[in-house]
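These protein sequences, in sequence, are chains E and A. Quick note, the first sequence lines up with residues 0 to 147 if you use numbering that gives the first Met the number 0. Quick note, the second sequence lines up with residues 0 to 387 if you use numbering that gives the first Met the number 0. We treat Cβ as the ideally placed atom computed from N, Cα and C, and that holds for glycine. Treat the numbers as computed from the prediction; the structure is a model and nothing was measured.
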Amino acid sequence: MMPMLLPAPDDDSRAFWAYCAAGELRVQRCASCGRRRMPPRPMCPSCRSFDAEWELLSGRGTVWSFAVPHPPLLPAYAEQAPYGVIVVALDEDPTLRMVGNLVTEAGAPLNSVDPHTIEVGEPVEVVFAPVERAEGEDLLALPQWRRR
Amino acid sequence: MHDDDALPIKDRTAIVGVGQTAFAKHLEQPEKVLALEAILIALEDAGIDPSEVDGLSSYTMEGTEEIEIARNLGMDAVTWFSQVGYGGGAGCGVVGNAAMAVAAGQCNVAVAWRSRKRGAAASRPWAGVRDQVHGNQQWSRPFGLLRPVDEIAVLTRRYMHEFGATREHLCNVATAVRSHANRNPGAMMHAKELTRDQYMGARWISEPLCLFDNCLESDGAGAVVIVRRDRADDCRQQPVYIHSFAQSIPAQHQTMTNYFNDDPLVGPSYACAELLWRHADFGAHDIDVAQLYDAFSPLVILSLEGYGFCDRGEGAGFTDGNTLGLEGRLPVNTSGGGLSEAYVHGFNLIVEGVNQMRGQSCSQVEGAETCLVTSGEGVPTSALLLRN
């Protein structure tokens, strides 16, 4: 059976996923004007600087919204459905948002938290589900979220 | 913004021919044949020989290349051709860009079309997923937002949370549009009524969206023919003028998973509407009938707000009292739209807009003189104002 989908790290995202593999949630912050941005990209949309640093965040946020998919879905997802997919607004800047899953612990199934108990606005914190990588592959872990 | 020197395309071009194939869950003909059939019907409708066509406009997702269209239909030299991206957001852009090219003299007779089969890999944006997700989708697909409906379900939930909207409002959209399809013999849902009980009892696809919040799975094609105003008077049908046209990629937009800007509930339609109305002689309150892109029912509600029929957060309530029905304040998707006629990336909405302006719709709005047609909300989008 086809496994669950994984992000393909690229020039813009490679550092983000590698920090996740190190257990850190970091977003780009413009080294010139200080604006944070997500998803990652080469240029600051405020001052057009190419210089950015990766700011370590608290990993805390709140549920901005969520969906509960039902089949038909790809097989690896169908067997966990219905499951919740949440969008998290990060505490440092609520307009910075990330898609993820609310789970009981890192690496737990997508439906480990009953999706019908999820509430918009509830506080969550990041955990990282490690992903096994072969020699030479980009490091990668999936940020997931648990209740706090 | 100073555009005093600009020359808007207002009423300088007209749609003089429309064509559609049959719509069904499965048609035998390949996409290429469906495209050719629809274009031929549209040209016959206009009374223009295919050899006169010198402009071709289509979607980047279109499976049939311009050279195939041109050599099959026996066109002479084509002097203008272009494509618009972003799937369902493209439709009105495909027609509007052709109108600009015709108005500017880059071609004289332009054809815009879309042919789409549900089984064709290139037609389904989520059909190509592999175990590695590249580009923008790497931020959402691995976590289980696999399909467009999942991506829109997130926006819908947030909308409900902020504004107190309910499934009753989504049901208002689905049932109004279905009632139009019930009058359209060409609609896939022509013979199937949809009650509020059926809607409320339907299976989930992606909560809070159920089966009837989703557009149909369809095979089919549509085409329109665009010429300059002076030429339009010589055509078979009453000309339908392209009064205004706009496209938009709003600030900090990401297609489909548009969660990364300051306010994701202010979608692409807002920026599109700003230009659309600026170049028009009338406003939202003057619109007699509207064809609002409806791949998913909540997109209609977001578009009602974006195009100024009501304020932000009021779109759900706007649908109460059968506003969108034939006797309502704003009849919407009068052919049945994507939800109940066919889903052809919104192209049938454009054809229906023309039919309304000609007085030829199966759900004709009496005396209609203005029609708004929109393309996908939630993606880089486009819109047309049509008048007769």
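Just the chain E side, please: which residues come within less than 9 Å of residue i by C-beta, in chain order?
i: T254 (chain A); result: What T254 (chain A) touches in chain E: nothing, since even the nearest Cβ is about 12 Å away.
i: V153 (chain A); result: W63, S64, F65, A66, V84, I85, V86, V98
i: D212 (chain A); result: Going along chain E, no residue has its Cβ under 9 Å from D212 (chain A), so there is no contact; the nearest lies around 12 Å.
Could you tell me which chain A residues have their CB closer than 9 Å to the CB of residue i, listed as they occur along the chain?
i: D9 (chain E); result: H133, G134, Q137
i: P38 (chain E); result: N135, Q137, W138, Q253, F259
i: P151 (chain E); result: As shown, chain E starts at 0 and ends at 147. That puts residue 151 (chain E) outside it, with no answer to give.
i: L89 (chain E); result: Neighbours of L89 (chain E) on chain A: none; closest Cβ ~12 Å, over 9 Å.
i: L55 (chain E); result: The contacting residues do not exist; L55 (chain E) stays about 19 Å from chain A at best.
Please determine, among the options, the residue with the shortest C-alpha to C-alpha distance to residue i.
i: E104 (chain E); options: E:V86, E:Y76, E:P129, E:T94; result: E:P129
i: A88 (chain E); options: E:M3, E:P70, E:V62, E:R13; result: E:V62
i: N260 (chain A); options: A:R357, A:G87, A:L154, A:N183; result: A:L154
i: H278 (chain A); options: A:F244, A:N332, A:R166, A:A98; result: A:F244
i: F80 (chain A); options: A:T20, A:C91, A:V101, A:E161; result: A:V101
i: I14 (chain A); options: A:Y258, A:A76, A:P7, A:A97; result: A:A97
i: G358 (chain A); options: A:S334, A:D149, A:G320, A:M255; result: A:S334
i: N332 (chain A); options: A:G73, A:C309, A:V364, A:Q197; result: A:V364
i: D319 (chain A); options: A:T78, A:R386, A:R166; result: A:R166
i: Q136 (chain A); options: A:M255, A:S247, A:E30; result: A:M255
i: S114 (chain A); options: A:G90, A:M99, A:Q105; result: A:G90
i: Q105 (chain A); options: A:S56, A:N213, A:D280; result: A:S56
i: R386 (chain A); options: A:L371, A:R70, A:A76; result: A:L371
i: R182 (chain A); options: A:V378, A:S360, A:S374, A:G377; result: A:S360
i: M159 (chain A); options: A:E43, A:L264, A:F22, A:R230; result: A:L264
i: M97 (chain E); options: E:A66, E:E91, E:V86; result: E:V86
i: P148 (chain E); options: A:H252, A:H284, A:M99; result: A query on residue 148 (chain E) cannot be resolved here, the shown segment of chain E reaching from 0 to 147 and no further.
i: V17 (chain A); options: A:I40, A:L26, A:G324; result: A:I40
i: A283 (chain A); options: A:Q28, A:E376, A:L329, A:G163; result: A:L329
i: L4 (chain E); options: E:L72, E:T116, E:P114; result: E:L72
i: E51 (chain A); options: A:E43, A:E61, A:M74, A:R70; result: A:M74
i: F211 (chain A); options: A:A272, A:V176, A:G314; result: A:V176
i: G316 (chain A); options: A:L35, A:H168, A:L72; result: A:H168
Residues of chain A with a CB under 7 Å from the CB of residue i: which are they?
i: D58 (chain E); result: A small fix is needed here, since residue 58 (chain E) is Gly in this sequence, not Asp. Those within 7 Å of G58 (chain E) in chain A number zero; the least Cβ separation is about 16 Å.
i: T94 (chain E); result: D261
i: P6 (chain E); result: V132, Q137, P141
i: S12 (chain E); result: Q137
i: L72 (chain E); result: L145
i: L138 (chain E); result: In chain order: nothing, as chain A lies at least about 15 Å away.
i: L109 (chain E); result: G143
Which whole-angstrom value describes the C-beta separation of residue i and residue j, a residue pair presumed to lie in contact below a C-beta threshold of 8 Å?
i: G384 (chain A); j: T369 (chain A); result: For the sequence presented, residue 384 (chain A) should be read as Leu rather than Gly. Yes, they are in contact, since the Cβ atoms of L384 (chain A) and T369 (chain A) sit about 7 Å apart, within 8 Å.
i: Y342 (chain A); j: S178 (chain A); result: Rounded, the Cβ-Cβ distance is 18 Å, inconsistent with contact.
i: D130 (chain A); j: P39 (chain E); result: Contact doesn't hold; Cβ gap of about 22 Å is too wide.
i: V288 (chain A); j: A180 (chain A); result: Not really, about 15 Å apart at Cβ, beyond 8 Å.
i: I349 (chain A); j: V94 (chain A); result: 6 Å
i: A7 (chain E); j: V132 (chain A); result: 6 Å
i: T174 (chain A); j: R195 (chain A); result: 6 Å
i: I51 (chain E); j: L138 (chain E); result: A small fix is needed here, since residue 51 (chain E) is Ala in this sequence, not Ile. About 20 Å; that fails the 8 Å criterion.
i: S48 (chain E); j: S64 (chain E); result: Not really, about 31 Å apart at Cβ, beyond 8 Å.
i: R11 (chain A); j: R311 (chain A); result: That pair is no contact at about 33 Å.
i: R34 (chain E); j: L55 (chain E); result: Not really, about 17 Å apart at Cβ, beyond 8 Å.
i: I241 (chain A); j: I8 (chain A); result: 6 Å
i: G345 (chain A); j: Q246 (chain A); result: Not quite, the Cβ-Cβ distance comes to about 14 Å (not below 8 Å), so this is no contact.
i: R59 (chain E); j: D10 (chain E); result: Not confirmed; about 29 Å, so no contact.
Residues of chain E with CB under 7 Å from residue i, in chain order?
i: F142 (chain A); result: V84, V98, G99, N100
i: I204 (chain A); result: H69
For residue i, which residues in chain A fall below 8 Å Cβ to Cβ?
i: V119 (chain E); result: R156, R157, H160
i: Y76 (chain E); result: G143, L145
i: M42 (chain E); result: Under the 8 Å cutoff, chain A gives no residues; its nearest Cβ is about 13 Å from M42 (chain E).
i: L141 (chain E); result: P141, F142
Run through chain E and tell me which residues come within less than 8 Å of residue i, C-beta to C-beta.
i: D149 (chain A); result: A66, P68, V84
i: G240 (chain A); result: According to the sequence shown, residue 240 (chain A) is Tyr rather than Gly. Residues of chain E passing the Cβ test: none, with the nearest at roughly 38 Å.
Less than 7 Å separating the Cβ of residue i from some heavy atom of the ligand HEM?
i: V94 (chain A); result: Ligands are entirely absent from the displayed structure, and the ligand HEM is therefore not among its contents.
Taking 8 Å as the cut-off, does the segment 328–338 of chain A touch the segment 277–297 of chain A (at least 3 CB pairs, one atom from each stretch)? Between the segment 277–297 of chain A and the segment 328–338 of chain A, the count of C-beta pairs closer than 8 Å reaches three or more; the two stretches touch.
Touching or not, the segment 64–80 of chain A and the segment 342–361 of chain A, by the rule of three or more beta carbon pairs under 8 Å? Short answer: they don't touch.
The segment 302–319 of chain A / the segment 263–279 of chain A touching (three or more Cβ pairs under 8 Å): Because the criterion of three Cβ pairs below 8 Å is met, the segment 302–319 of chain A and the segment 263–279 of chain A touch.
In the segment 38–112 of chain A, which residue ranges form an unbroken alpha helix (DSSP H) of at least 4 residues, counting only runs that do not cross its ends? Counting only runs that start and end inside the segment 38–112 of chain A, the alpha helix (DSSP H) elements of at least 4 residues fall at 65–71, 90–102.
Does the contact criterion of 3 or more C-beta pairs under 8 Å hold for the segment 110–122 of chain E versus the segment 76–83 of chain E? Yes: the two stretches touch, three or more of their Cβ pairs being nearer than 8 Å.
Taking only runs that begin and end inside the segment 156–237 of chain A, name each unbroken alpha helix (DSSP H) of 4 or more residues, in chain order. At a cut-off of 4 residues, the continuous stretches assigned as alpha helix (DSSP H) that sit fully inside the segment 156–237 of chain A are 166–180, 195–199, 228–231.
Three or more C-beta pairs under 8 Å: does that hold for the segment 107–117 of chain A against the segment 220–230 of chain A? Yes, they touch.
Runs of alpha helix (DSSP H) wholly within the segment 298–369 of chain A (minimum 4 residues, chain order): Fully enclosed alpha helix (DSSP H) runs of 4 or longer: 314–317, 346–357.
Would you call the segment 232–244 of chain A and the segment 128–143 of chain E touching, i.e. three or more CB-CB distances under 8 Å? The segment 232–244 of chain A, when compared against the segment 128–143 of chain E, does not touch it at the 8 Å Cβ threshold.
Pairing CB atoms from the segment 194–210 of chain A with CB atoms from the segment 137–151 of chain A, are three or more of them under 8 Å? Counting Cβ pairs under 8 Å, three or more are found: they touch.
Which residue spans inside the segment 3–34 of chain A form an unbroken beta strand (DSSP E) run of at least 3? For the segment 3–34 of chain A, whole beta strand (DSSP E) runs of length 3 or above, ordered along the chain, are 12–19.
4-residue-minimum alpha helix (DSSP H) runs that sit fully inside the segment 68–144 of chain E, ordered along the chain: You should have 74–77.
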